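Heads up: the structure comes next, in structure tokens.
Chains as they are written, first to last, in our numbering: chain A, 12 to 498; chain B, 12 to 498.
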């Protein structure tokens, strides 16, 4: 932790969202640039957030019945070519190992951009009978995609993710699994990261290369642009046919397996910053914060010091016993104001201040990171912190979700006229979600994308059966779709 | 889980240790070969063991004050060349990325064989003052070393590990950290994996490339060969000078930092197999077993079925509530004998059998995987399983360590004569540990290695101050050293 305060001010969010985003990540020490093009370093405070969310998501994934495994980093180049759409989608952005152990390799190896091919090669060795199904595996790993324009967390050459891969005996079971994982992601991201989402099917143009159907959960960032936060793909039998994953069914007939794959990545860290952050820094939901509460003891005279530190130690112990992730900032030689700013930048959800008068009154001051102004502060009776603080943390968790949901709803608009849609996307503020009738034809989607830069983020599930007029061509449109400019 | 039993017998351990080792790993479904040269697949049962040991070691590492971070997979080729010994050690076995995004790279990228260079480049950005020290980071990641001869878990082109990297203000503090981590590894591997170890300094010839001193923990495998299980390196100022990691000390003088690095890898899974396994399969210590207890209900007549399954469900619930990782094997269409063999192969520490007579008597049969013959089985009163089973699991954990320690001690011998050492290493059974006086000269070490294939595994710490005669040259030797043939 640095002792000297960086003099350079954080760029205000309203002034330059992208600069603000980078400032926050660097200043809160979540990540740093690396000397390797497009690759970043996850610093301890950033990696701790990733560990917290990884552990919780891992628990939820395992509850669905999937188990973790680990497959090779390298994929023979020929594997990538076995599924036609898959190779088209990924070949342009791969990193290629051509030499190993001082010699040129006979067949170059691809650094995995995703693992469908190598995993399905193994599935073909393991799956022979309907008794071997369903096979549901997940892996946490690094993947590499050679992106031309990179951005901290959101788009990096190497990133960390989990990728689930499953094989099933029937189409219905695989389709159900695809939606189970979509709902797992939605619940996890909304409840744990306090990031509200819209969700639904992708348009054909936005599908995963090799999938029959892609489902997505998408958040709306603070600048009004959408961020894809997780995807779940129904692969049909495309990879099963390419890799010959076949099994004898209960009638002793040979069948191809039905498959899914699904993943979320370290870009979720970017979502946390862009949804919750403000000009003072990060605002971490208590569920993911490695420090949920920081206690700042305040004193001026040496004779006050011992009493204040003693009271701080008592509160620390009471909170620790109550299961709260808490620390005391005992640094000397820096002012309380410096400490307040420092922990606000790092996004700690609740600050507890203890001065000599608080000690005398048997109280502490609690300052919530999710609120601003006088309402953020309240007094707590010291002897009640073990009950009051966990309740406050729950409130903060809920309130961050409420604030973000309100912001998303305020920035989601229905449009009936193409000109109004276009004006909205051309105006300031990213544009938000546009809820429109779209006929489903690629040419209308392309027109919207080329003229407004908004893309189809999701076609919501379970729509009321209504038919409207496509916002572009006026032809009948059986469904509404959410469009937005996106990261 | 496969229903059909593989007809092929496991190669007996005494007949061909290497074939037995591979048979067990494949049959217990810990791992599988992959289509990528030298890379393996960690199957769910193997990866679950890795997750259990990773989580426990991660907890212990964090207790020492280190924090997790994540650095890029790729290292610019020029970085590897900055520390002279380091590049010599690793350059011959690296995998090289020459193309990315369809273009040839200006500077080839090395897939990390270890991360000293990239991490120390970042340390130089972050460390300026003594207040920034100590900096203690750890990362869990994959690394790649292009090995010519590979072996499941022990030597693979890609493997998983943790690597800790620390920087300190003084030599003494860095030396202390090196030994703290050695002791962390020793405690973890002995207590958690039940693998007994010898430990000490490496000889100069066996040091990590770039280290001033390497410390090691080594186990003795079932075939009498040693396996390096973890290393902790005192790097001195070698990397600090190569990467210019400097700080202002309390006297405002510029100093180079003092550093350490330390790691253990997925080869620990190999140690578990080779130390504890037998001809029936794996024997997992309860601490790492994802299934600690399997309940096998046994019945013949349909009217017995319900009662037995009901009793099994009660025992399951009681054990689950007691925090035991337990499952019931309710598979139909396979015999109890098949199930016994299957779970013995997978190394489950305790089996509970429940038949109609046991139900009538209010008892269950407990069969320990760590014992053989009639002593392995005992009757437990059903109502006491929640207390008795955790106690039994503790006993099994301890007994596996005791058995392994007895085997290691029985296979550790002092030698005064070079001929006797040579005869031992040339005889059957791997040779075990040879405890000898060695003068410390490289030529004597080389002679031993070339003529007996035994290498210096460790020079134990805290030896009694005695001087003996070098077993090779007869010159005064200030210390004893442990030599063995090694993996």
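Ideal placement from N, C-alpha and C gives every residue a C-beta, glycine not left out. In this text, all values refer to a predicted model and were calculated from it rather than measured experimentally.
Determine whether the Cβ of residue i lies closer than 8 Å to any Cβ atom of chain B.
{"i": "residue 47 of chain A", "result": "yes"}
{"i": "residue 179 of chain A", "result": "no"}
{"i": "residue 14 of chain A", "result": "With a pLDDT of 45 at residue 14 of chain A, under the threshold of 50, the predicted position of this residue should be treated as unreliable, though the coordinate-derived value follows. Yes, its Cβ sits closer than 8 Å to a Cβ of chain B."}
{"i": "residue 169 of chain A", "result": "yes"}
{"i": "residue 53 of chain A", "result": "yes"}
{"i": "residue 62 of chain A", "result": "yes"}
{"i": "residue 112 of chain A", "result": "yes"}
{"i": "residue 293 of chain A", "result": "no"}
Does the CB of residue i have a neighbour CB from chain A at under 8 Å?
{"i": "residue 109 of chain B", "result": "yes"}
{"i": "residue 127 of chain B", "result": "no"}
{"i": "residue 257 of chain B", "result": "no"}
{"i": "residue 157 of chain B", "result": "yes"}
{"i": "residue 78 of chain B", "result": "yes"}
{"i": "residue 87 of chain B", "result": "yes"}
{"i": "residue 448 of chain B", "result": "no"}
{"i": "residue 58 of chain B", "result": "yes"}
{"i": "residue 481 of chain B", "result": "no"}
{"i": "residue 455 of chain B", "result": "no"}
{"i": "residue 240 of chain B", "result": "no"}
Cβ closer than 8 Å: which chain A residues qualify as neighbours of residue i?
{"i": "residue 153 of chain B", "result": "84, 152, 153"}
So, under 8 Å CB-CB, residue i and residue j are touching, yes? Tell me the CB distance rounded to an integer number of Å.
{"i": "residue 50 of chain B", "j": "residue 169 of chain B", "result": "5 Å"}
{"i": "residue 301 of chain A", "j": "residue 59 of chain A", "result": "4 Å"}
{"i": "residue 71 of chain A", "j": "residue 195 of chain A", "result": "5 Å"}
{"i": "residue 459 of chain A", "j": "residue 483 of chain A", "result": "6 Å"}
{"i": "residue 189 of chain A", "j": "residue 244 of chain A", "result": "7 Å"}
{"i": "residue 246 of chain A", "j": "residue 272 of chain A", "result": "6 Å"}
{"i": "residue 240 of chain A", "j": "residue 193 of chain A", "result": "No, residue 240 of chain A and residue 193 of chain A are not in contact; Cβ-Cβ is about 11 Å, not under 8 Å."}
Are residue i and residue j touching if we call contact CB-CB under 8 Å?
{"i": "residue 148 of chain B", "j": "residue 121 of chain B", "result": "no"}
{"i": "residue 251 of chain B", "j": "residue 270 of chain B", "result": "yes"}
{"i": "residue 205 of chain B", "j": "residue 472 of chain B", "result": "no"}
{"i": "residue 62 of chain B", "j": "residue 79 of chain A", "result": "yes"}
{"i": "residue 292 of chain A", "j": "residue 355 of chain A", "result": "yes"}
{"i": "residue 370 of chain A", "j": "residue 330 of chain A", "result": "no"}
{"i": "residue 440 of chain B", "j": "residue 235 of chain B", "result": "yes"}
{"i": "residue 220 of chain A", "j": "residue 76 of chain A", "result": "no"}
{"i": "residue 445 of chain B", "j": "residue 435 of chain B", "result": "yes"}
{"i": "residue 408 of chain B", "j": "residue 298 of chain B", "result": "yes"}
{"i": "residue 258 of chain A", "j": "residue 138 of chain A", "result": "yes"}
{"i": "residue 469 of chain B", "j": "residue 397 of chain B", "result": "no"}
{"i": "residue 222 of chain A", "j": "residue 231 of chain A", "result": "no"}
So residue i contacts chain A; which residues on that side make the cut at Cβ distance below 9 Å?
{"i": "residue 163 of chain B", "result": "By Cβ distance, chain A contributes nothing, its closest Cβ being about 13 Å from residue 163 of chain B, past 9 Å."}
{"i": "residue 104 of chain B", "result": "111, 112, 113"}
Can you give me the C-alpha to C-alpha distance between residue i and residue j, rounded to a whole angstrom?
{"i": "residue 364 of chain B", "j": "residue 308 of chain B", "result": "6 Å"}
{"i": "residue 112 of chain A", "j": "residue 129 of chain B", "result": "20 Å"}
{"i": "residue 125 of chain A", "j": "residue 97 of chain A", "result": "10 Å"}
{"i": "residue 12 of chain A", "j": "residue 107 of chain A", "result": "For residue 12 of chain A, the predicted structure reports a pLDDT of 40, less than 50, and the residue's modelled location is therefore unreliable. The matter cannot be settled from this model."}
{"i": "residue 388 of chain B", "j": "residue 358 of chain B", "result": "16 Å"}
{"i": "residue 277 of chain B", "j": "residue 167 of chain B", "result": "10 Å"}
{"i": "residue 14 of chain B", "j": "residue 463 of chain B", "result": "Bear in mind that the predicted position of residue 14 of chain B carries a pLDDT of just 45, short of 50, making it unreliable; the figure below should be weighed with that in mind. Cα to Cα, residue 14 of chain B sits roughly 46 Å from residue 463 of chain B."}
{"i": "residue 199 of chain A", "j": "residue 402 of chain A", "result": "20 Å"}
{"i": "residue 360 of chain A", "j": "residue 379 of chain A", "result": "6 Å"}
{"i": "residue 426 of chain B", "j": "residue 443 of chain B", "result": "12 Å"}
{"i": "residue 377 of chain A", "j": "residue 289 of chain A", "result": "20 Å"}
{"i": "residue 53 of chain A", "j": "residue 21 of chain A", "result": "20 Å"}
So with CB distances below 8 Å, who are the chain B contacts of residue i?
{"i": "residue 192 of chain A", "result": "What residue 192 of chain A touches in chain B: nothing, since even the nearest Cβ is about 18 Å away."}
{"i": "residue 2 of chain A", "result": "Shown here, chain A extends from 12 to 498; a query on residue 2 of chain A therefore has no answer."}
{"i": "residue 122 of chain A", "result": "84, 108, 122"}
{"i": "residue 498 of chain A", "result": "By Cβ distance, chain B contributes nothing, its closest Cβ being about 19 Å from residue 498 of chain A, past 8 Å."}
Please list, in chain order, the chain B residues whose beta carbon lies closer than 9 Å to that of residue i.
{"i": "residue 490 of chain A", "result": "Chain B residues near residue 490 of chain A: none, gap ~36 Å exceeds 9 Å."}
{"i": "residue 43 of chain A", "result": "133, 136, 137"}
{"i": "residue 210 of chain A", "result": "Under the 9 Å cutoff, chain B gives no residues; its nearest Cβ is about 29 Å from residue 210 of chain A."}
Taking Cβ-Cβ distances shorter than 7 Å, what residues in chain B pair up with residue i?
{"i": "residue 91 of chain A", "result": "Going along chain B, no residue has its Cβ under 7 Å from residue 91 of chain A, so there is no contact; the nearest lies around 13 Å."}
Residues, ordered as in the chain, of the segment 459-471 of chain A that lie near chain E by beta-carbon distance below 8 Å: No chain E appears in the structure shown, which is made up of the protein chains A and B.
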